[in-house]
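Residue numbers (our numbering): 85 to 249.
We put the CB at the ideal spot given by N, CA and C, even for glycine.
Quick caveat, the model's predicted, so the values are computed rather than measured.
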Amino acid sequence: MNTKLQTASPHPATSDGEAIRHLKEAIASGKHWYIALLEAIGLWQTEEETVDGRRYRYLIDGEAFDWLLLAERLLGEVDSLLPENEKMALLFQGKPPLYLPANEFKQLIGNHKYRQYLNYFYGITVEEALVQAVDDEVYKERLSLGLSEREATPDEAYNRIYGAS
């Protein structure tokens, strides 16, 4: 399976440095930072990297693309150019500063990355929500039995979802 992040650029030799440069120049020329960010994501090629001692893994198992992690990495390059509240809303709440229809988002980041993003969304995000819901159910059961230790429930949630291993 191909685990290389494919670019949305017609120029396959685009480097990650060019993606960062595009982001900076597009914002400086007046383009909205969110559009410039998505374009830069479309140009990005690296699956994982370590920057300033922090490991970023954008592509999980060659299938699931964590675009918000890449967004965090790229926005760190232009931090002083962005409204802090908009940046935080995107990175911590997943709320973009502009509404974009799915087809425009897909066009900006590229078809391949969009499919990988959907794999991430449905494979990771939905699983997290399911685990949280089952964890809450287990916690309520424990409370009804007079037990209040929440720490004991995460393994139980996974066991209920996937079966005991």
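Residue i (DSSP reduced to helix, strand or coil)
i       : result
Glu-132 : strand
Leu-182 : coil
Tyr-140 : strand
Glu-161 : coil
Gly-126 : helix
Ser-228 : helix
Lys-190 : helix
Lys-115 : coil
Arg-174 : The sequence as given places Leu at residue 174; Arg does not occur at that position. Leu-174: helix per DSSP, three-state reduction.
Gly-101 : helix
Glu-247 : The amino acid at residue 247 is misidentified as Glu; the sequence shows Gly. Reduced to three states, the DSSP call for Gly-247 is coil.
Exposure label - residue i; buried when at least 16 CB within 10 Å
i       : result
Tyr-206 : exposed
Gly-194 : buried
Ala-186 : exposed
Val-222 : buried
Asp-145 : exposed
Arg-157 : buried
Gly-126 : buried
His-95  : Per-residue confidence for His-95 stands at a pLDDT of 48, beneath the threshold of 50, marking its modelled position as unreliable; no derived number is given.
Gln-216 : exposed
Tyr-198 : buried
Leu-122 : buried
Ile-245 : exposed
Gln-177 : exposed
Ala-103 : buried
Asp-219 : buried
Presumed contact (8 Å Cβ cut-off) between residue i and residue j, rounded CB distance
i       : j       : result
Glu-161 : Lys-108 : 7 Å
Thr-130 : Asp-100 : 5 Å
Leu-182 : Lys-171 : At roughly 13 Å, the Cβ-Cβ gap does not stay under 8 Å, so Leu-182 and Lys-171 are not in contact.
Trp-117 : Leu-165 : 7 Å
Bridge partner(s) assigned by DSSP for residue i
i       : result
Ala-35  : Since the first residue of the chain shown is 85 and the last is 249, residue 35 is not available in this structure.
Phe-149 : Leu-143
Inter-residue spacing [alpha-carbon to alpha-carbon] between residue i and residue j
i       : j       : result
Asp-150 : Ile-119 : 17 Å
Ala-173 : Leu-154 : 15 Å
Gly-137 : Arg-226 : 40 Å
Tyr-142 : Ile-208 : 13 Å
Asn-169 : Glu-147 : 31 Å
Leu-214 : Glu-240 : 13 Å
Ser-228 : Tyr-204 : 35 Å
Glu-212 : Tyr-201 : 15 Å
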